[in-house]
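Worksheet: the structure to be examined is printed underneath.
Residue numbers (my numbering): 49 to 552.
Structure follows, in structure tokens:
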């Protein structure tokens, strides 16, 4: 249900969608199961080179009569890499050998999930036409199940709109089975009761949901249809106590959300703040997840170039990421109270566009002089963190996530999201979470007393874009958002800029 195409409401603000193909196309299913599918026509075996022994590979693929071919296949891979052969019964076998743990740096996950995604580049096409079995082998398999699940999910996008694609074959999709590696032996299959199986499935579904939203063109994912999608998800979790509210259009202005209203008021579909909550009785912590949901970013009147504007449908990646995480957490029934706050807008051009030199009064009560309408993400997130810090009461941690700055890619690269936190303890917690999950993070400079001067304004409390773009620009953007957190808020805060890793 979470992958269904959102249905746009029928009112005059709806955007005309001339693509009639997307809704007809379904994506292959991914199933995590302790049982291998012997009827699969294509097999992938993934693991570190040392664990991919002849006995292991031939055993999990039921190919004991093809040991010579498999041995030659394994010998063709030196330390790591990918090789393919056909077995005597016509099945296709691909082995993906990952680098040894000692070859991996301290800033990467030891099972190389990004390399897994890259190596599965042909999986989606195969899984549309036939059943594909993936076997993952490792000596500490329970530690790698979730990172592998996310890596496979990234290789299996949900959104496609190619007219040449055929409907899914009757027997299609992906079945994933995990094996522990104990020397040259493959032990008995793990029990279905192992929690990691359910966790792997929930994580994979959250990743695919986020990717689906980020891949949808703006005519199909407007602020209206995005909100409709969120409402459908909340309804699906009604039994878990998930609630849904939204503040839309002129109500944002009347309630003081000047950042969200200012950025989104020129678009045909009105801007909105979507709030979803999950409050299990055994919750030990309350986390507010704030996401930037710019469904399309033209740059506003500070217009992007024809090259720079292409791909700006991905500017909702932060909101899609926290929504996917929210869905995974609720699916698993985690003992954490979650409040999801999404600012959903289109940064469009029209008679009501906000302008450079305008001044916006934010939810925090602070005023912002606009000197770049293309620095819009921080404006809408500022209203989100303000809401989280002064409207929810008992929040322990505020996390805001966004495809915020191109400077993040220069700072921490395309595989690591840049993070900023107020405390070293939280910084270590987030970095460790990235190393465990495979969604890698790395700290950016945290120094508000040195950087906030970049936003100095003579007519307002601050500007929205820096004076000096060479002075830790990505960190400055984070500090702008932080400056709108209520002064009385005593909890912690984490800023996640995933502009680079969004495309991974």
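Even for Gly, the Cβ is constructed at its ideal location relative to N, Cα and C.
- By DSSP's assignment, residue 390 forms a beta bridge with 322 and 339.
- Comparing alpha-carbon positions, the option among 401, 523 and 491 lying closest to residue 308 turns out to be 401.
- Around the C-beta of residue 64, fewer than 16 other C-beta atoms lie within 10 Å, and the residue is accordingly described as exposed.
- Counting along the chain, the unbroken alpha helix (DSSP H) around residue 435 starts and ends at 425-439.
- Looking at the DSSP output, residue 541 sits in a beta bridge with 446.
- Taking all protein chains shown into account, residue 399 has fewer than 16 neighbouring C-beta atoms within 10 Å of its C-beta and is therefore exposed.
- Residue nearest to residue 91 within the set 128, 188 and 144 is 144 (criterion: CA-CA distance).
- The Cβ-Cβ distance between residue 51 and residue 202 does not fall below 8 Å.
- Taking the CA atoms as reference points, residue 261 sits about 8 Å from residue 365.
- The distance from the Cβ of residue 423 to that of residue 513 is about 4 Å, consistent with a contact at the 8 Å cut-off.
- Counting along the chain, no beta strand (DSSP E) covers residue 205, and no H or E run does either.
- For residue 517, the secondary structure class from DSSP, reduced to helix, strand or coil, is coil.
- Between the stretch 331-339 and the stretch 363-383, the count of C-beta pairs closer than 8 Å reaches three or more; the two stretches touch.
- Cβ neighbours of residue 193 within its own chain (closer than 6 Å, five residues either side excluded): 226, 244 and 248.
- Judged by their CB atoms, residue 393 and residue 428 are nearer to each other than the 8 Å cut-off.
- Taking a cut-off of 8 Å for Cβ pairs, the stretch 343-362 and the stretch 288-307 do not touch, as fewer than three such pairs fall below it.
- In the same chain as residue 197, and ignoring 5 residues on each side of it, the C-beta atoms closer than 6 Å to its own belong to 248, 251 and 252, in chain order.
- Cβ contact annotation for residue 499 (same chain, cutoff 8 Å, sequence separation greater than five): 493, 519, 520, 523, 524 and 527, in chain order.
- For residue 364, no alpha helix (DSSP H) segment is defined, and its DSSP state is neither H nor E.
- Shown here, residue 159 sits in coil according to DSSP, grouped into three states, outside any helix or strand.
- Here residue 528 carries a helix assignment [DSSP, helix/strand/coil].
- Residue 93 counts as buried, since no fewer than 16 other beta carbons sit within 10 angstroms of its beta carbon.
- Partner residues in the beta bridge of residue 224, as assigned by DSSP, are 80 and 182.
- For residue 481, the enclosing alpha helix (DSSP H) stretches over residues 472-485.
- If you look at residue 105, you'll find it in the alpha helix (DSSP H) that goes 102-108.
- When Cβ pairs closer than 8 Å are counted between the two stretches, the stretch 284-293 is seen to touch the stretch 324-333, the count reaching three or more.
- With the rule of 3 Cβ pairs closer than 8 Å, the stretch 213-222 does not count as touching the stretch 116-129.
- With a threshold of 16 other beta carbon atoms within 10 Å, residue 529 meets it and is buried.
- The shortest C-alpha to C-alpha distance from residue 86 to any of 98, 200 and 141 is the one to 141.
- Boundaries of the beta strand (DSSP E) harbouring residue 293: 291-296, taken from the DSSP string.
- In the three-state DSSP reduction, residue 274 falls in the helix class (H, G or I).
- The Cβ-Cβ distance between residue 99 and residue 186 falls below 8 Å.
- Between the beta-carbon of residue 547 and that of residue 453 there is about 6 Å, and that keeps the pair under the 8 Å contact cut.
- Excluding its 5 nearest sequence neighbours in each direction, residue 382 has C-beta neighbours in its own chain below 8 Å: 328, listed in chain order.
- In the DSSP assignment, the residues bridged to residue 345 are 395.
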